[in-house]
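Visitor: Pasting a structure below so you can have a look.
Number of protein chains: 2
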Amino acid sequence: MPVHELTYLCLANATSVMLKAPDNQVAGHQARNGNLGPLIDDSGRFYKPLQGDERGSKEVAFYTSFSSNTKVPDHIARFFPKFHGTQLLEASDGSGMLPHLVLQDLTFGRVNPSIADIKIGAMTWAPQAPEDYIQKCMKKDRETTSLVFGFRLSGMQVFESKESGFWRPEGRRKIQTLSLDCMKLYLKKFVSSNTSKMSLDLKPDCAFASTVYGGSNGILSQLLELKAWFEDQTIYHFYSCSILMMFEKELALTGKNPRPEIRLVDFAHVYEGNGIIDHNFLGGLCSLIKFTSEILTTPEESYGDGLMTGDARTSHTYSENKNGRV
Amino acid sequence: MPVHELTYLCLANATSVMLKAPDNQVAGHQARNGNLGPLIDDSGRFYKPLQGDERGSKEVAFYTSFSSNTKVPDHIARFFPKFHGTQLLEASDGSGMLPHLVLQDLTFGRVNPSIADIKIGAMTWAPQAPEDYIQKCMKKDRETTSLVFGFRLSGMQVFESKESGFWRPEGRRKIQTLSLDCMKLYLKKFVSSNTSKMSLDLKPDCAFASTVYGGSNGILSQLLELKAWFEDQTIYHFYSCSILMMFEKELALTGKNPRPEIRLVDFAHVYEGNGIIDHNFLGGLCSLIKFTSEILTTPEESYGDGLMTGDARTSHTYSENKNGRV
């Protein structure tokens, strides 16, 4: 591990703990090459630098509220990272001491986890956010798949093999603007065994779909648990929050439980629900559930001509349609 | 009935049928006082003039597609008006012959129906709509309750008694911008027996909540059926479409089935779903379901200081909150 990827946690009692950049981060700022980003220790904690503007304090306020909120049932709280307060740490970019959120390292104890980071919601902005922020987000929501699909892919790593490591889709912009066929392809590739090349002529075999997406403890089942809560809860509105989907391919290959799990992350734009459900998050979640359940029910569905080149935003009204029928 | 509220249906065989403005229209353009609006006959048909721009042709195209779509199950198709084609008619504003949609008159056979017209969806515009239309709609969605609640009230009539007739909230603008407490109040008043005055100090008794909203054939049950379809269907996206909720108070007062029903109307902005669920409509529908089910579970909930004066758009982030807790 290069020295520049290390930093030190200066504890109150003046001992030091070695910190490093996470191996399994698929989206967001990364603490590499002198940049500011989150760090992990070797005991399962994840240190996220507080963002300089008010996003940092908002995320602390959310974790403080959520971790002490007795109205959140345990089977829902488990989908959120555990919160261990904040701590002043040497920032990964060498800029000095910065306050960090101390969170559960969600991939701690996992071996070569495959991970997808999916930002939920057609809108990534709260109605009460500042106008310039709304305009910036709305532009991006319209340019990416967010507005049309109700979510967008923010990052992904799919474990291939010990030899070739992970497949990671290239181009942050590209994965945020996938066509419908591409989004389905990526979500299939995520649970397939034939991932040695991201090849257009290689159809993903969805070998792990039934054990990762399916089953009583699978990802779909967990998404449905989360959905049931969102149909009812009016405490929080989660804008620009992501769902992580994770599992371990090597366990699946040896017939073991691949430990499929979902987790929610990124709470810098959480607002009070004020008695109204979070219909924006819920709608996007239902859309993701539909994508996932279709892979379980029709894994063999063929792809159209739009593969890898389509545009999620292409659609027709009925009057433009030759015979007005679907 | 004044003569100016009548017009004549010139049928192909040159006979004439007397048409009149509907008695039970709670939203939209009305065919009174020389204005252009829909008409009804005395056999249960509703004649809606095609809107001059492309909205008219889009709505025809939708009805044509929907009425012949065998993928729509019967228990869902019943929520939509029956479609009987189009017909050239003398327009209600005297401007000459205009094409009209010939639809089922949804209130035909009902006596003094109480009706609420609720426009569903946080966004009333399709991503692929023209930019100027998007901007116009977005402005209104943000100014009304649409963006925050996921729906807005477009119109309402609540039958009081034969003597005093209907209570109709005043001010189209006002009902579109109700506070949370007001929206709850209106949805309670809709199913209450003590509606003789829209009085702030008169708490709605929700006398008909259990028979109108509740029960196996009640409005909530119908909304849930619709929801299940929207979780799965990827054929249509319904922007700016309304749900009508209807029942008959006089039946309820005599212990009979008040015939609660929901119907969907206004399809000038329906687009192809292209394999994606309508998460915008679904989110708004889930929000309406939550409002309705809360009235059934906690009809006695007291109102806060915001009654009649609150603003749906008021909310706080955690960092603005004194102790960061809910």
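As you go down the protein sequences, you meet chains A and B in turn.
The numbering of the first sequence is the working numbering, which starts it at 52 and goes up by one.
The numbering of the second sequence is the working numbering, which starts it at 52 and goes up by one.
Using N, Cα and C, we set each Cβ at its ideal position, and we do this for glycine too.
None of the values given here were measured: they were computed from a predicted structure.
Going by C-alpha to C-alpha distance, which of A:Ser-261, A:Tyr-264, A:Glu-110 and A:Pro-350 sits closest to Tyr-322 of chain A?
Guide: The residue given as residue 322 of chain A occupies position 271 in the first sequence. Considering only alpha carbons, the answer is A:Glu-110.
Visitor: Is the shortest distance between the beta-carbon of Lys-191 of chain B and the beta-carbons of chain A less than 8 Å?
Guide: Here the question's residue 191 of chain B lines up with position 140 in the second sequence. Lys-191 of chain B does not count as touching chain A.
Visitor: Counting contacts by CB-CB distance shorter than 8 Å, is Gly-225 of chain B in contact with chain A?
Guide: In the second sequence, the residue the question calls residue 225 of chain B occupies position 174. Correcting the residue identity first, residue 225 of chain B is Lys in this sequence and not Gly. It does not: the Cβ of Lys-225 of chain B has no partner Cβ on chain A nearer than 8 Å.
Visitor: Any idea what DSSP makes of Asp-283 of chain A, helix, strand or coil?
Guide: The residue labelled residue 283 of chain A in the question sits at position 232 within the first sequence. Coil.
Visitor: For Phe-217 of chain B, which residues in the same chain have their Cβ closer than 7 Å to its Cβ, ignoring the five residues on either side in sequence?
Guide: As a first step, residue 217 of chain B must be located in the second sequence, where it is residue number 166. The residues are Gln-208, Val-209, Phe-210 and Glu-211.
Visitor: In chain order, what are the residue ranges of uninterrupted alpha helix (DSSP H) at least 4 long that sit wholly in the stretch 248 to 323 of chain B?
Guide: List check, alpha helix (DSSP H) in window: 260 to 263, 270 to 281 and 300 to 304.
Visitor: Determine whether the Cβ of Pro-132 of chain B lies closer than 8 Å to any Cβ atom of chain A.
Guide: Start at 1 with the first residue of the second sequence, and residue 132 of chain B comes out as number 81. It does not: the Cβ of Pro-132 of chain B has no partner Cβ on chain A nearer than 8 Å.
Visitor: Between the beta-carbon of Lys-307 of chain B and the beta-carbon of Asn-163 of chain B, is there less than 8 Å?
Guide: The count along the second sequence starts at 1 and reaches residue 307 of chain B at position 256. The count along the second sequence starts at 1 and reaches residue 163 of chain B at position 112. Taking 8 Å as the Cβ cut-off, Lys-307 of chain B and Asn-163 of chain B do not qualify as a contacting pair.
Visitor: Could you spell out where the alpha helix (DSSP H) holding Ala-128 of chain B opens and where it closes?
Guide: By 1-based counting over the second sequence, the position of residue 128 of chain B is 77. Segment 125 to 128, the alpha helix (DSSP H) holding Ala-128 of chain B.
Visitor: Helix, strand or coil for Ile-340 of chain A, going by three-state DSSP, please let me know.
Guide: The residue you call residue 340 of chain A lines up with position 289 of the first sequence. Ile-340 of chain A: helix per DSSP, three-state reduction.
Visitor: Are there 16 or more other CB atoms within 10 angstroms of the CB of Met-69 of chain B, so buried, or fewer, so exposed?
Guide: Along the second sequence, one-based indexing puts residue 69 of chain B at 18. Flag for Met-69 of chain B reads exposed.
Visitor: How would you list, in chain order, the residues of chain E whose beta-carbon sits under 8 Å from the beta-carbon of Phe-241 of chain B?
Guide: Among the protein chains in the structure shown, which are A and B, there is no chain E.
Visitor: For the pair the stretch 345 to 352 of chain A and the stretch 232 to 240 of chain A, tell me if three or more CB-CB distances fall below 8 Å.
Guide: Yes: at least three Cβ pairs fall under 8 Å.
Visitor: I'd like the list of long-range same chain contacts for Leu-253 of chain A, defined as Cβ closer than 7 Å, with 5 residues on each side in sequence excluded.
Guide: Taking the first sequence and counting its residues from 1, the one referred to as residue 253 of chain A is at position 202. Result list for Leu-253 of chain A: Asn-245, in chain order.
Visitor: Are the stretch 70 to 80 of chain A and the stretch 166 to 185 of chain A touching, with three or more C-beta to C-beta distances below 8 Å?
Guide: Contact between the stretch 70 to 80 of chain A and the stretch 166 to 185 of chain A is present, because at least three Cβ pairs lie under 8 Å.
Visitor: What is the DSSP secondary structure of His-151 of chain B, counted as helix, strand or coil?
Guide: Within the second sequence, the letter at position 100 stands for residue 151 of chain B. If DSSP states are grouped into helix, strand and coil, His-151 of chain B belongs with the strands.
Visitor: Please return the same chain residues whose Cβ sits closer than 8 Å to the Cβ of His-320 of chain B, not counting the five positions on each side in sequence.
Guide: Position 269 of the second sequence holds residue 320 of chain B. Only Arg-106, Lys-109, Thr-175, Trp-176, Ala-177, Ala-180, Phe-289, Tyr-290, Ser-291 and Cys-292 meet the Cβ criterion.
Visitor: Might you give, ordered along the chain, the residues of its own chain that have their beta carbon closer than 8 Å to the beta carbon of Arg-310 of chain A, omitting 5 neighbours on each side?
Guide: As a first step, residue 310 of chain A must be located in the first sequence, where it is residue number 259. Same-chain partners within the cutoff: Arg-161, Met-297, Phe-298, Glu-299 and Leu-302.
Visitor: Taking buried to mean at least 16 other C-beta atoms within 10 Å of its own C-beta, is Tyr-184 of chain B buried or exposed?
Guide: Residue mapping note: residue 184 of chain B aligns to position 133 of the second sequence, counting from 1. By the 10 Å Cβ count, Tyr-184 of chain B comes out exposed.
Visitor: So, Ile-286 of chain A versus Ile-313 of chain A, is the Cβ gap smaller than 8 Å?
Guide: Residue mapping note: residue 286 of chain A aligns to position 235 of the first sequence, counting from 1. Residue mapping note: residue 313 of chain A aligns to position 262 of the first sequence, counting from 1. Their beta carbons are not under 8 Å apart, which means Ile-286 of chain A does not touch Ile-313 of chain A by this criterion.
Visitor: Rounded to a whole number of angstroms, what is the C-alpha to C-alpha distance between Gln-284 of chain B and Pro-100 of chain B?
Guide: Residue 284 of chain B sits at position 233 when you count from the first residue of the second sequence. Residue 100 of chain B sits at position 49 when you count from the first residue of the second sequence. Near 29 Å, if we compare the C-alpha coordinates of Pro-100 of chain B and Gln-284 of chain B.
Visitor: Any residues in the stretch 338 to 352 of chain B with a beta carbon nearer than 7 Å to a beta carbon of chain A? Which ones, in chain order?
Guide: Correct list: Ser-338 and Lys-341.
Visitor: Could you name the residues of the stretch 312 to 336 of chain B whose beta carbon sits closer than 7 Å to any beta carbon of chain A, in the order they occur along the chain?
Guide: If the cut-off is 7 Å between Cβ atoms, the stretch 312 to 336 of chain B has Val-321, Tyr-322, Glu-323, Asn-325, Gly-326, Ile-327, Ile-328, His-330, Asn-331, Leu-333, Gly-334 and Gly-335 near chain A.
Visitor: What does the alpha-carbon distance come out to for the pair Ile-226 of chain A and Gly-335 of chain A?
Guide: Taking the first residue of the first sequence as 1, we reach residue 226 of chain A at position 175. Taking the first residue of the first sequence as 1, we reach residue 335 of chain A at position 284. About 17 Å.
Visitor: How should Glu-182 of chain A be labelled, buried or exposed, when 16 other C-beta atoms within 10 angstroms of its C-beta is the threshold for buried?
Guide: Position 131 of the first sequence, counting from 1, holds the residue named residue 182 of chain A. Exposed is the call here.
Visitor: Please classify Thr-228 of chain A as buried or exposed, where buried requires at least 16 neighbouring CB atoms within 10 angstroms.
Guide: Stepping through the first sequence from its first residue, residue 228 of chain A is reached at position 177. It is buried - the Cβ of Thr-228 of chain A has at least 16 other Cβ atoms within 10 Å.
Visitor: Residues of chain B with a CB under 8 Å from the CB of Glu-282 of chain A: which are they?
Guide: Taking the first residue of the first sequence as 1, we reach residue 282 of chain A at position 231. Ordered by position in chain B, the residues that pass the 8 Å Cβ test against Glu-282 of chain A are Cys-337, Ile-340 and Lys-341.
Visitor: Indicate whether Lys-339 of chain B and Val-316 of chain B have their beta-carbon atoms separated by less than 8 Å.
Guide: Translated into the one-based positions of the second sequence, residue 339 of chain B becomes position 288. Translated into the one-based positions of the second sequence, residue 316 of chain B becomes position 265. According to the sequence as given, residue 339 of chain B is Leu; it is not Lys. No, they are not a contact pair.
Visitor: DSSP three-state call for Pro-76 of chain A: helix, strand or coil?
Guide: Position 25 of the first sequence, counted from the first residue, corresponds to residue 76 of chain A. Residue identity check: residue 76 of chain A is Gln in the sequence provided, not Pro. Looking at Gln-76 of chain A - three-state DSSP - the assignment turns out to be coil, as it is neither helix nor strand.
Visitor: To which residues does DSSP link Phe-131 of chain B through a beta bridge?
Guide: For the purposes of this step, residue 131 of chain B is identified with residue 80 of the second sequence, where counting begins at 1. BP columns for Phe-131 of chain B are empty, so no partner.
Visitor: Confirm, please, whether the CB-CB distance from Phe-332 of chain A to Gly-172 of chain A is below 8 Å.
Guide: Position 121 of the first sequence holds residue 172 of chain A. Position 281 of the first sequence holds residue 332 of chain A. Yes; because the gap between Cβ atoms is below 8 Å, this pair is in contact.
Visitor: To the nearest angstrom, how far is the alpha carbon of His-126 of chain A from that of Ala-279 of chain A?
Guide: Taking the first residue of the first sequence as position 1, residue 126 of chain A is located at position 75. Taking the first residue of the first sequence as position 1, residue 279 of chain A is located at position 228. So the two alpha carbons sit approximately 11 Å from each other.
Visitor: Short check: CB of Leu-139 of chain B to CB of Pro-150 of chain B, under 8 Å?
Guide: Mapped onto the second sequence, residue 139 of chain B falls at position 88. Mapped onto the second sequence, residue 150 of chain B falls at position 99. Yes, Cβ-Cβ distance for Leu-139 of chain B and Pro-150 of chain B is below 8 Å.
Visitor: Quick one: complete alpha helix (DSSP H) runs, 4+ long, within the stretch 169 to 252 of chain A?
Guide: Listed in chain order, the complete alpha helix (DSSP H) runs (minimum 4 residues) inside the stretch 169 to 252 of chain A are 182 to 194, 197 to 200, 223 to 227 and 231 to 240.
Visitor: Could you check whether the Cβ of Val-153 of chain A sits closer than 8 Å to any Cβ belonging to chain B?
Guide: Within the first sequence, numbered from 1, the residue matching residue 153 of chain A stands at position 102. Taking Cβ atoms only, chain B never reaches closer than 8 Å to Val-153 of chain A, which makes this a no.
Visitor: In chain B, what lies closer than 7 Å to Pro-178 of chain A by C-beta?
Guide: Residue 178 of chain A sits at position 127 when you count from the first residue of the first sequence. Under the 7 Å cutoff, chain B gives Arg-193, Leu-198, Val-199 and Arg-364.
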